[in-house]
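Beneath this line is the structure, given in structure tokens, with notes to follow.
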Amino acid sequence: GKDQDAKDEL
Amino acid sequence: LCGDMCHVFSIIVLLLRLRVARNAQGISLRTHELFLLVFLTRYTDLFTTFYSLYNSVMKVLYIASTSSIVYAIRLQEPICSTYDRAQDTFRHWAFAVAPCAVLALLTHLISGGSLFSFVDIQEMLWTFSIYLESIAILPQLIVLQRFREVENLTGNYIFFMGSYRALYIVNWIFRAYYEPGYRHHYVVYFCGVLQTLLYADFFYYYLMSKRRGGKFSLPT
């Protein structure tokens, strides 16, 4: 998967 | 989703509380000004990054509903004349906004960020919003202590507001284990736990009063 962090959360 | 729904539910309960009772007794305007600032500084990515329709709609919804809460308590008759300014005394600019701004700047610089691009400023505002959200409930907890007797709707609203971040902790644990490439963000973890802990005392008295089925009041 792509690198993700909590920025796609609300 | 459960966490977000708790958040939405807490906002609906508060709007109901203001519109149905048509008063703002026991409600802290300062807490909602802080939440508005949290959303405005966190969601600048509405203009730059698209995650999903759900994500964008919720962001707009949070900004709009919190604005309407602040507007009602500040300016809308008869609600605004019932707002008890004298009880809402937490110095939120000096003891919440300013320290979080300093902390966000430090975090940003220590982690090697600069201040010369939009993305850098955006990143720093995002960190600021994480810090600020963790303590945004403080003015409301102070008001609660003053009134002691907590109205049902007010109690429910704070309960759902606290549950929302507690459920996010579960979500972070889940993502860390099951999502490949999920990056740990320790500032987010730390603030999420701090935020939930600030509600712990309130949760305790809230659940006790629900079990008794009686009126909800805080100890002196």
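Same order as they appear, the protein sequences are chains A and B.
Quick note on numbering: this note's numbering labels position 9 of the first sequence as 9, and the sequence is numbered without any gaps.
So the number in this note's numbering is just where the residue sits in the second sequence, counting from 1, plus 1000.
Cβ coordinates follow ideal geometry from the N, Cα and C atoms, glycine included.
This structure is a prediction, so every number in the text was calculated from the model and none was measured.
Open item on the list: For B/Gly1192, report the span of its alpha helix (DSSP H) as first-last.
Closed with: For B/Gly1192, the enclosing alpha helix (DSSP H) has its first and last residue at Tyr1186 to Arg1212.
- [ ] Might you give, ordered along the chain, the residues of its own chain that have their beta carbon closer than 7 angstroms to the beta carbon of B/Leu1040, omitting 5 neighbours on each side?
- [x] Only Ile1063 meet the Cβ criterion.
TODO: Could you run through the segment 1175–1208 of chain B and flag, in chain order, every residue whose CB is less than 7 angstroms away from some CB of chain A?
DONE: Residues passing the 7 angstroms Cβ filter: Glu1179, Pro1180, Gly1181, Tyr1182, Arg1183, His1185 and Val1188.
- [ ] Take the Cβ of B/Asp1088 as the centre, count every other Cβ of all protein chains shown within 10 Å, and call the residue buried at 16 or more, exposed below.
- [x] Looking at its Cβ environment, which holds 16 or more other Cβ atoms inside 10 Å, B/Asp1088 is buried.
Open item on the list: Please tell me whether B/Val1008 and B/Leu1036 are closer than 7 angstroms, where the distance is taken between their beta carbons.
Closed with: Using a Cβ distance threshold of 7 angstroms, B/Val1008 and B/Leu1036 do not count as a contacting pair.
Open item on the list: Please state the DSSP three-state secondary structure of B/Gln1087.
Closed with: Three-state DSSP puts B/Gln1087 in a helix.
Open item on the list: Counting C-beta neighbours from all protein chains within 10 Å, is the total for B/Leu1106 16 or more, i.e. buried, or is it exposed?
Closed with: By the neighbour-count criterion, in which a residue is buried when 16 or more other Cβ atoms sit within 10 angstroms of its Cβ, B/Leu1106 is exposed.
TODO: Look at the alpha carbon of B/Ile1137 and the alpha carbon of B/Glu1151, and state the distance between them as a whole number of angstroms.
DONE: Roughly 17 angstroms separates the two Cα atoms.
TODO: Report yes or no: do the segment 1190–1207 of chain B and the segment 1131–1146 of chain B share at least 3 C-beta pairs separated by less than 8 angstroms?
DONE: Contact annotation: the segment 1190–1207 of chain B touches the segment 1131–1146 of chain B, with at least three C-beta pairs closer than 8 angstroms.
Task: Nearest-angstrom Cα separation, counted from A/Asp5 out to B/Met1124 - done: Distance between the alpha carbons of B/Met1124 and A/Asp5: 15 angstroms.
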